[in-house]
């Protein structure tokens, strides 16, 4: 009986350890997402530069998303390439970003 209890305890501990490892590795993944919204702020004076967009969800809730803008982020205004400084508050934009353990990083910004 004592041996069965010991084996059960070891099996349970190993099972919990494997669950913890899988949860830790899944949170370290990089996820790509695209949002559509209105630019509410940009900051070109800091490094890295930052863009903040307000998104209206299908439930009519508002969500504010801020992302770092890397030097290799692709920025378009209509069909023309643009600079980050060209983006104005109030413009509609589609932003594709990477969700990383270090935060959100914009990969592309398309101002409509």
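Numbering (the numbering used here), first residue to last: 83 to 194.
Virtual Cβ for every residue (Gly too), placed ideally from N, Cα, C.
6 Å CB neighbourhood of residue 123 in its chain, flanking five on each side removed: The residue you call residue 123 lines up with position 41 of the chain shown. Once the five neighbours on either side are set aside, the close Cβ partners of residue 123 are 134.
When the distance is taken between beta carbons, is residue 151 closer than 8 Å to residue 131? Sequence index remark: in the chain shown, residue 131 carries index 49 (1-based). Sequence index remark: in the chain shown, residue 151 carries index 69 (1-based). Yes, these two residues count as a Cβ contact at 8 Å.
Do residue 171 and residue 126 come within 8 Å of each other at the CB atom, strictly closer than that value? The residue given as residue 126 occupies position 44 in the chain shown. The residue given as residue 171 occupies position 89 in the chain shown. No, they are not a contact pair.
Apply the 10 Å Cβ neighbour rule to residue 157 and answer buried if 16 or more other Cβ atoms are within range, or exposed otherwise. The residue labelled residue 157 in the question sits at position 75 within the chain shown. That one is buried.
Looking at the strands, I want to know which residues DSSP matches up with residue 168. Here residue 168 refers to the residue found at position 86 when the chain shown is read from its first residue. Answer is none; residue 168 lacks a bridge partner.
Cut-off 6 Å between Cβ atoms - residues of its own chain near residue 112, not counting five sequence neighbours on either side: Along the chain shown, one-based indexing puts residue 112 at 30. Contacts found: 180, 182.
In DSSP terms, what residue 193 is bridged to: In the chain shown, counting from the first residue as 1, residue 193 sits at position 111. DSSP lists 159, 175 as partners of residue 193.
Thinking C-beta only, is residue 167 closer than 8 Å to residue 193? One-based indexing of the chain shown puts residue 193 at position 111. One-based indexing of the chain shown puts residue 167 at position 85. Not in contact: residue 193 and residue 167 (Cβ atoms no closer than 8 Å).
Pick from 159, 149, 161: whose alpha carbon is nearest that of residue 128? Position 46 of the chain shown, counting from 1, holds the residue named residue 128. Of the candidates 159, 149, 161, the one whose C-alpha sits nearest the C-alpha of residue 128 is 149.
For residue 137 versus residue 169, is the C-beta distance shorter than 8 Å? Along the chain shown, one-based indexing puts residue 137 at 55. Along the chain shown, one-based indexing puts residue 169 at 87. It is not a contact, given that the beta carbons lie outside the stated cut-off.
May I have the straight-line CA-CA distance separating residue 164 from residue 177, to the nearest angstrom? Residue mapping note: residue 164 aligns to position 82 of the chain shown, counting from 1. Residue mapping note: residue 177 aligns to position 95 of the chain shown, counting from 1. Using only the alpha carbons, I get a separation of about 14 Å.
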